Each structure stands twice: as structure tokens, then as C-alpha cells.
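Numbering (UniProt numbering), first residue to last: 1 to 745. For reference, the structure discussed in these notes is given below.
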DNA sequence: CGTGGCATAGTTTTT
DNA sequence: CTATGCCACG
């Protein structure tokens, strides 16, 4: 019983209440993951529930991974049988097994956002719709929302009524689904949608899973959309042992379909539901919580609760107002240096990804190591998508988009015209695109190009044989790079580009190796599947001593000793979209975002904002964010950081450098994790730059490949220094300092 | 068929 | 400002 003694009384109640529907309203930092994991342990150890009968669902792989780890530690008997996974991967697992019952093949491929875009573009073009009126972004989001609400194309059309535009979108939706079906593909939304579809049409399958999952737990319940709600509802409907944990004040994904009503109306959906509130916070100081409470109190549609803590008051919240956005960035970085904790104790949060740039620049110029979460997903990078498309083609060749992506990468002299011919013939014959390539000779009008298609096909076949012959993924990717001439082509693009891209590919290789070595029966298919469902935040490597830069959205579920909320300006945060919206709920969502941001801080919270900042090349002026004003004056210290003050600050002697600071690691109160010997995957997101260069224009330097040369110029290119060097042998080259590793001679 | 240049449009957040 | 798309030229 000892493990439960560490829980407070409310937490205990939630853990011990195992039968029937249960809603746990868990405020920020109130230990909800602890409750979930202990509840799982309790079910197994005390209630003798078979681990096999437990399902725990989260939103991100990271959360699932953490829960998995904690469950494995806590539960003695067969913890691995507990199904801990995300919505999306649970659905994939179910669909792989039973999707044939709703007319798909079980080896369906999963389309990511880019794939969807490609398909959508094609359809919009084919329908000759005015691209101004039907932008693919808008159409896609309309379709996505429809899927989140479980509306199929037919219903969409019915709902459209007499609205011409809506009717057209319904038509696009219909065609889009047909196209996906033809390619035996599902997009992200389909994964949920089709699982619900499967459960609704096949009572046998539903019953199987209802029996299997007698105890269901859902984390971050406030983020579920209607489709996910129905899914859970169906699964839980037989035994009704459903425990959902969430915080309505942290619902920040309305824009992608999250339905806050799922949590607010839980008691109506399950009339005999128990409700337990967790209001004791273990994370932050009272000052921080007071600020959070004060802000969120302005929202109307919420369950009433007030966080409190036994921690002390702590230091006051600070708001720093700057003139310019770059001064704000500078101020934050200076403050971090002055404060003097290990870098990993700090997070700088912002509303939009674009804001990261200024902060990055200042981190670079002050030698502060940082880790950037978000931005372009690693798996969306061109070179990664290329290699993955090769792998997909090698795996089965059924993913037409993948094949089309690589058929002329690197250049094989196969142009758009030939591809169009093959595509047309393929659909005429009812063949997949790859199949059609195999039979290129039979395609009418292809003439000379047919040989090029055949060369491509035989190359793919060669790779397949490698795989069957026992090659691992590392060898395979290596072979692709060499034999297709991909590496060659990259190099032709330029030294800097090629190096960055090859480094990214190396990251992919290490990911592949990691998978290959840790799996009992590794398969290419399974690897590709894992890769399809990862998000940025999943890869965040928190073992390195770096400042974290990310959006408020990415920050949910995390905590840091010191948090900077930057860009606290009306029009930016809250966004002007929300301010001018006639739906009050939009502004409330922004406020919840502010609440999430504030409650990430454990000890110190600094809000910052600027009067002016450059947006889209023009200067914009902004008032202080209304959220700052919602914090009562006695809780917050406001500082005007004007240009004059800043000059004084700058005049001070340089702060301890990064290297010196590293020595403090391990001595500090926080973050004692040691750096692993093998760099974790995710390095691609951290930018390690050379702080200052020991060479400048006019100096002689040596490059590993190009030999000696003279530095022409050094330019601070934002993320890195761009150096122009005139090499004796090869002439002038542009390169990034951190990659070029130039040596002064 | 490929490339390079120009024009235009877009900016919230992402599983 | 930047990324993408389209068009015209080689």
C-alpha cells in the first residue's frame, strides 16, 4: 500500500475510484500523471484487473512514453500488457487488424499534411476552381473539421444546403476521399474517423475491443475532438469504466477541432459520473498561481476551481516592457545570463513560431546554447521526405505519392509530361503508379522515356533484394544515397546546403539504426509507421544544458524553473484574429493559452513585450497585452526597459560564457541529468553555432576539403555566421561557420 | 526537360 | 520578409 501514501487525499480518491465513469479535473501541476499511473497500478495490484484489459490514451508520443516508463516502474505484474498509446497509434493498430472489414487493405499508408496538400492541389486543379476562392489550406481545414465532427462527404453536401461554395467543397471532399481510397491511404483525421466507422458498422469488432478494454483512461481529455469522444464513448459503453483526466482551463486546441464541451458536459454524457477536482499545485510558487488564477478568472465558460499550493510565495512576477522587439530578445538573453542558473532551467515561450528568430539571434550572439522546438518538423524536410519516399517505395510501392516524389529525384530525365502519361494509363488500367512504371513499355506514347522508367524500377528492385538479403536500414539508406546519385546531386547544390541535409539524413539513419537494433523483428514497414506518427515535441531532448525556445502550444505539459512569456502584446498575444473575432470563445482560448504559459513556471515568471516590432517587413505598434493587465498590480512588478537603460546594460562586462557555465552543471539544484554519451535524436532541432570566430576578413584559413584560402567576409546570418572564403585552389565559396570548421593558419 | 527569374501571396497554434 | 508558384527561356 506504500506507494499510495505519497498521494494527497483527492488524488487517493481518484486512484481508488475504479468503477464507473470518473472525471478528474486536474489543474496545472496537480499531479495528474501521478494519479493516472497510480490508478493503473492500483487496478492491477489491488483490484486484480488483468493488465491486458487496461487502455491508457494520451495525445503525444512523448506523454505516452513517459506514462509507459512510469507504469513499468510502478507495476510489478506484467506492466507491458497495459496498452499505453496515443489516439492515433491506437487507431492504426486497430485498423491494421480490421480495416478490411470496411473495404480498405490492411497495409494502408498514412498521408501526412504534405501528402494531403499534394492530393488536394491536384483535385482543385482538376475541378478548375478559382484558386482565390478555394485555397487548398482553407478547403483542407474545412474537410478536416468535418472529419473531426464525423461528417462524411454525403452529409457535408446535405448540410451545405443552397450554399454554392459549400456544395463545391463537399464535392472536393468526395473526390479527395475517393483519391485516398484509390491509393489505399488514410490521412491523420481518417485514422480516428475510420476507426469509429469500423466500430459502428461491425458489432463484432466493437465487442472485441469493448471486452478487451474494460478499463479506459484518457489523459488531456480537454483536447479531444468529437470523433475522439465518440471513439472513447463506443469503447467504454459496455463496462463504463472510463476515467478521463483533464483541465478545461488548458483546452487550447479548439482550432483543430477539440471540443471543450467534451469535458464541460461529461456529467451529462455520463449521468452517474463522479467528479474529483485536484486543486493543489505542486509545481509553482503562490505568486505565480495567483497570477494564473487572476487571468483565467476572466473566462466565462469554465468549471470553477482555484489552484493553491503549499509552496511559498516566491518572487514576484515581473513584466518588462521594451521599445523594440529586438531589445526584448536582448533583454531576455541578458536576464538569463545575469540570473546564472544552468541554461536548461529556462524556457522562452512565444505565441507564434516566427518570434523565435529574434531570440535565436540574440542567443547566438551572446553564446547562449538553445534548443528550438517546433518550426518545420524534421520529417517534413525535403531530404528526409525524399529518403522516406524511397523507403516507402521499396517497402511496397503502393504509395503513389511517394513513388511520384522520387521518380525524378535525383534527375533521371523523367519530366512532368511522361509522369502524366503514366499516371493516366495507370488509372485507366486500374494499376498503381509503380505497377505502371514496371510496365512502362506498354504505356502508349512514352517512346524513349520508357527506358528511364525501367531503369528506375530495376534500381528499386535492387534495393528490395538488398533488404531481403539481410541488409539493415543503414546499409540500405547508404546504398540509396550512392547508387541513385542522390549524394552527388546534393553536393552540386552547394557545400552548405549539402552538409546540412546530409547531417539531417544522418539523423534519420541513427533513428533507423536505433529502431533496427532495439526491435526483435524489425521491418521496414513498421519503421515507416513509427516515423509517420511522430511530432516535434516527441523528439525534444531535455538532457542537454540548453535554453528551450518554443511556442506556448508546445509547452503544454512541461515545466521549467524560469519561464519567459515573450511578445505580451495585444494583436500578437492575444492574436488580432482572436481580438476581432465576434466569437468570444476565440479570446477565451487565447486566455487559456496564457494560463498554460504562466503555469509552466516553477519559481520565476517573467513577462515581456515590446512597443514596436517588425511584422512582414513593416513596423507594428502594439499595446501591452490585456492579459498582463489582468494580473493585479500587487502581484506584478512592471519595469520599463527603455533604450537608455539598455545601453548601460550592454556596457557591463561580458557575462560568464557558456563553457564556464557548463561547470556549474551538477552543482546546481536543478537539472542534474548527465548528458548521454550518444547524442540523442533531435540534434537536428538544436542549432549549435560557433559563438565567436577566431578569424575575420583578411585572415588565412584552412578547410578540410578546399585547402587554404583567404577570408573575404563574415556576415551574421541569423542562425550562423556566413563566411565567404576565396580558396587558392577552388576559388570563392560561401559557407556557414559551424559546418565549415575552418582553422586559422 | 530543366533552370532561373519574377510575381504574388501569406502569417496562429499541430496531433 | 520569405516561400512558393508560375512562366519563359535555353
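Every residue gets a Cβ at the ideal spot worked out from N, C-alpha and C, and that includes glycine. Every value quoted in this text rests on a predicted model; they were computed, and no experiment measured them.
Tell me the DSSP secondary structure of residue i in three-state form.
i	result
residue 77	coil
residue 8	coil
residue 521	coil
residue 573	coil
residue 739	Note that residue 739 scores 42 on pLDDT, short of 50, meaning its location in the model is unreliable and no value can be drawn from it.
residue 23	strand
residue 225	strand
residue 215	strand
residue 645	Note that residue 645 has pLDDT 47, beneath the 50 cutoff, so the model's placement of it is unreliable and no number is given.
residue 631	coil
residue 726	strand
residue 379	helix
residue 675	Confidence is the limiting factor: at residue 675 the pLDDT is only 25, short of 50, which leaves the residue's position unreliable, though a coordinate-based value still follows. The answer is coil: DSSP assigns residue 675 none of H, G, I, E or B.
residue 504	helix
residue 350	strand
residue 652	A caution first: residue 652 carries a pLDDT of 40, below 50, which makes its placement in the model unreliable, though a value can still be read off. Of the three classes helix, strand and coil, the one that applies to residue 652 here is coil, per DSSP.
residue 667	Confidence at residue 667 is low in this model, with a pLDDT of 24, below 50, so the placement of that residue should be treated as unreliable; the coordinate-derived value is given next. It is coil, neither helix nor strand.
residue 282	coil
residue 46	coil
residue 511	helix
residue 719	At residue 719 the pLDDT is 41, less than 50, meaning the model places this residue with poor confidence; the figure from the coordinates comes in the next sentence. DSSP places residue 719 in coil when its eight states are reduced to three.
residue 39	helix
residue 711	strand
residue 638	strand
residue 309	strand
residue 322	strand
residue 358	helix
residue 547	strand
residue 533	coil
residue 34	helix
residue 150	coil
Quick check on the DSSP output: the beta strand (DSSP E) that includes residue i runs from which residue to which?
i	result
residue 366	First-last for residue 366: undefined, no H or E at that position.
residue 187	185 to 187
residue 421	No beta strand (DSSP E) contains residue 421, which is instead part of the alpha helix (DSSP H) from 416 to 429.
residue 57	54 to 58
residue 245	242 to 246
Can you tell which of the options has its C-alpha closest to the C-alpha of residue i?
i	options	result
residue 506	523, 516, 474, 484	474
residue 190	217, 215, 149	149
residue 317	563, 185, 8, 611	563
residue 37	472, 218, 89, 95	218
residue 153	170, 497, 145	170
residue 307	60, 599, 696, 522	599
residue 201	64, 77, 99	99
residue 591	209, 710, 629, 73	629
residue 86	107, 79, 223	223
residue 701	745, 712, 726	745
residue 587	300, 437, 477, 402	300
residue 17	43, 5, 76, 238	43
residue 203	214, 143, 260, 102	102
residue 805	403, 120, 481, 498	Absent from the structure is residue 805, since the part of the chain shown begins at 1 and ends at 745.
residue 395	333, 66, 465, 413	465
Report the CB separation of residue i from residue j in whole angstroms; it is logged as a contact under 8 angstroms.
i	j	result
residue 234	residue 206	6 angstroms
residue 323	residue 611	5 angstroms
residue 53	residue 398	Contact doesn't hold; Cβ gap of about 35 angstroms is too wide.
residue 188	residue 173	Going by Cβ atoms, the distance from residue 188 to residue 173 rounds to 15 angstroms, so no, they are not a contact pair.
residue 443	residue 422	6 angstroms
Go to residue i, then tell me how far its alpha helix (DSSP H) extends in each direction, as first and last residue.
i	result
residue 260	Unbroken run through residue 260: none, as it is neither H nor E.
residue 329	325 to 339
residue 276	Run containing residue 276: none in the alpha helix (DSSP H); it sits in the beta strand (DSSP E), 274 to 278.
residue 153	153 to 160
residue 296	286 to 296
residue 437	433 to 438
residue 269	266 to 269
residue 168	164 to 182
residue 400	400 to 406
Ranges of the alpha helix (DSSP H) found wholly within the segment 61 to 138, counting only runs of at least 4: Runs of the alpha helix (DSSP H) inside the segment 61 to 138: 61 to 74, 87 to 98, 113 to 126.
Alpha helix (DSSP H) runs wholly inside the segment 444 to 489, at least 4 long, in chain order: Fully contained in the segment 444 to 489 are the following alpha helix (DSSP H) runs of length 4 or more, in chain order: 449 to 468, 473 to 483.
Beta strand (DSSP E) runs wholly inside the segment 551 to 625, at least 3 long, in chain order: Considered as a whole, the segment 551 to 625 harbours 560 to 565, 601 to 615, 618 to 621 as its complete beta strand (DSSP E) runs of no fewer than 3 residues, in chain order.
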